[in-house]
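Peer 1: Sharing a structure here in structure tokens format.
There are 2 protein chains.
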Amino acid sequence: MYLVNEKEYNCSVAVTLDIFNDRWKLSIIWHLLNGDMRFKDLHETVNEITQKTLTVKLKELEEKKIIHREVYAEVPPKVVYSLTCSGKKLKPVLQEMYKWGIDYVQECGKITNDHVCKSSIL
Amino acid sequence: MYLVNEKEYNCSVAVTLDIFNDRWKLSIIWHLLNGDMRFKDLHETVNEITQKTLTVKLKELEEKKIIHREVYAEVPPKVVYSLTCSGKKLKPVLQEMYKWGIDYVQECGKITNDHVCKSSIL
DNA sequence: TCTATTACTTACCTAAAAGAAAGTAAGAGT
DNA sequence: ACTCTTACTTTCTTTTAGGTAAGTAATAGA
Chain A
0 MYLVNEKEYN CSVAVTLDIF NDRWKLSIIW HLLNGDMRFK DLHETVNEIT QKTLTVKLKE
60 LEEKKIIHRE VYAEVPPKVV YSLTCSGKKL KPVLQEMYKW GIDYVQECGK ITNDHVCKSS
120 IL
Chain B
0 MYLVNEKEYN CSVAVTLDIF NDRWKLSIIW HLLNGDMRFK DLHETVNEIT QKTLTVKLKE
60 LEEKKIIHRE VYAEVPPKVV YSLTCSGKKL KPVLQEMYKW GIDYVQECGK ITNDHVCKSS
120 IL
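Sequence order for the protein chains is A and B.
The opening residue of the first sequence carries number 0 in numbering that gives the first Met the number 0; numbering runs sequentially from there.
The opening residue of the second sequence carries number 0 in numbering that gives the first Met the number 0; numbering runs sequentially from there.
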């Protein structure tokens, strides 16, 4: 049995799935893989996320030690988010998701034009 | 732009994340990677899922052509679920999640005893 | 003094996900 | 005739996630 944050799991996949069972966390990680970002950047980049949800999700990720929050004593405020070591290790997971998405679109969807994301992480 | 089921995405990761943004689908896939299963088997194996939720999630996965549903004309009923080609291709995603989980537990959790899942897929 | 900027918080509300519990259909076995 | 089994469906309720909109703090610059 695995014990993480007072929860028990009988499989390490369950640990991972339990952390990332929402709409936003992996999306945030995906963007942070391209480099550190401020709150505002994430708010603008992560598709349609609201400020409140972003705050909540960032807090959860920080508590789980997947991202790091660095506050600068400036005005207006500056807070930079970056991936921890654990966070960076999610890269292969997202790369496989990226690949699967492309494959799935080829079978069950279509590409409508060329405005496709150019992530530098691949 | 990618178009899948009348939805638009600008990144293939978004396609994947949008399909698997719930608590259950990837967990179901994970179990099906070990072999085809009947409804009852999944209900017993997938941790704590209710019948209703299982029905809903299986239907969603079937609509998205990630699993296949085979009905046998028997009494009592027999319905066997299996992964489609797209479904099977999720294996690398889940393998990376499995690895990440183990790594994460080592940094942020602990292993309490030896009752850990022995999946044959790795 | 007034406005702009950033990173939030707060209060309230809605929609979606999920759970609980019971019911159904269709025979097969006793 | 009665029970058992499987794979559901149905209804009703609860929980959770997430959205909206407004407010706040601190200071720099016009």
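Note that CB positions come from ideal geometry on N, CA and C, so glycine has one too.
Which complete alpha helix (DSSP H) runs does the stretch 3–48 of chain B hold, if anything under 4 residues is left out?
Peer 2: Runs found: 11–18, 24–31 and 38–44.
Peer 1: Considering Cα atoms alone, identify which of A:Gly86, A:Gly34, A:Lys24 and A:Cys10 is closest to B:Ser26.
Peer 2: Start at 1 with the first residue of the second sequence, and residue 26 of chain B comes out as number 27. Of the listed residues, the one whose Cα sits closest to B:Ser26 is A:Cys10.
Peer 1: Report yes or no: is there a C-beta of chain A within less than 7 Å of the C-beta of B:Leu57?
Peer 2: Here the question's residue 57 of chain B lines up with position 58 in the second sequence. Cβ-Cβ to chain A under 7 Å: no for B:Leu57.
Peer 1: Return the residue from the list B:Lys90, B:Asn112 and B:Thr83 that minimises the CA-CA distance to B:Leu60.
Peer 2: Here residue 60 of chain B is taken as the residue at index 61 of the second sequence, counted from 1. Minimum Cα distance to B:Leu60 is reached at B:Thr83.
Peer 1: Nearest by alpha-carbon distance to B:Leu41: which of B:Ser81, B:Gly86 and B:Met96 is it?
Peer 2: Working through the second sequence from its first residue, we reach residue 41 of chain B at position 42. For the residues B:Ser81, B:Gly86 and B:Met96, the minimum Cα distance to B:Leu41 belongs to B:Ser81.
Peer 1: Relative to chain A, which residues along the stretch 61–78 of chain B have a C-beta separation below 9 Å, given in chain order?
Peer 2: Listed in sequence order: Lys63, Lys64 and Ile65.
Peer 1: Using beta carbons (cut-off 7 Å, strictly below), is A:Leu53 in contact with chain B?
Peer 2: Translated into positions along the first sequence, residue 53 of chain A becomes position 54. Not an interface residue.
Peer 1: Which residue from A:Lys56, A:Lys64, A:Trp23 and A:Leu57 puts its Cα closest to that of B:Thr15?
Peer 2: On the second sequence, residue 15 of chain B is found 16 positions in, with the first residue counted as 1. Checked all of A:Lys56, A:Lys64, A:Trp23 and A:Leu57; the closest Cα to B:Thr15 is A:Trp23.
Peer 1: Considering B:Glu95, what are the terminal residues of the alpha helix (DSSP H) in which it resides?
Peer 2: Residue mapping note: residue 95 of chain B aligns to position 96 of the second sequence, counting from 1. Per DSSP, B:Glu95 belongs to the alpha helix (DSSP H) from Lys90 to Cys107.
Peer 1: Name the DSSP bridge partner or partners of A:Ser81?
Peer 2: Along the first sequence, one-based indexing puts residue 81 of chain A at 82. Answer is A:His67.
Peer 1: Cβ atoms of A:Val104 and B:Val3: under 7 Å apart, would you say?
Peer 2: Residue numbering aside, residue 3 of chain B sits at position 4 when the second sequence is read from its first letter. Residue numbering aside, residue 104 of chain A sits at position 105 when the first sequence is read from its first letter. Their beta carbons are under 7 Å apart, which means B:Val3 touches A:Val104 by this criterion.
Peer 1: Please report the straight-line C-alpha distance between B:Lys90 and A:Val74, rounded to a whole angstrom.
Peer 2: Here residue 90 of chain B refers to the residue found at position 91 of the second sequence. Here residue 74 of chain A refers to the residue found at position 75 of the first sequence. Looking at the two C-alpha atoms, the distance is approximately 48 Å.
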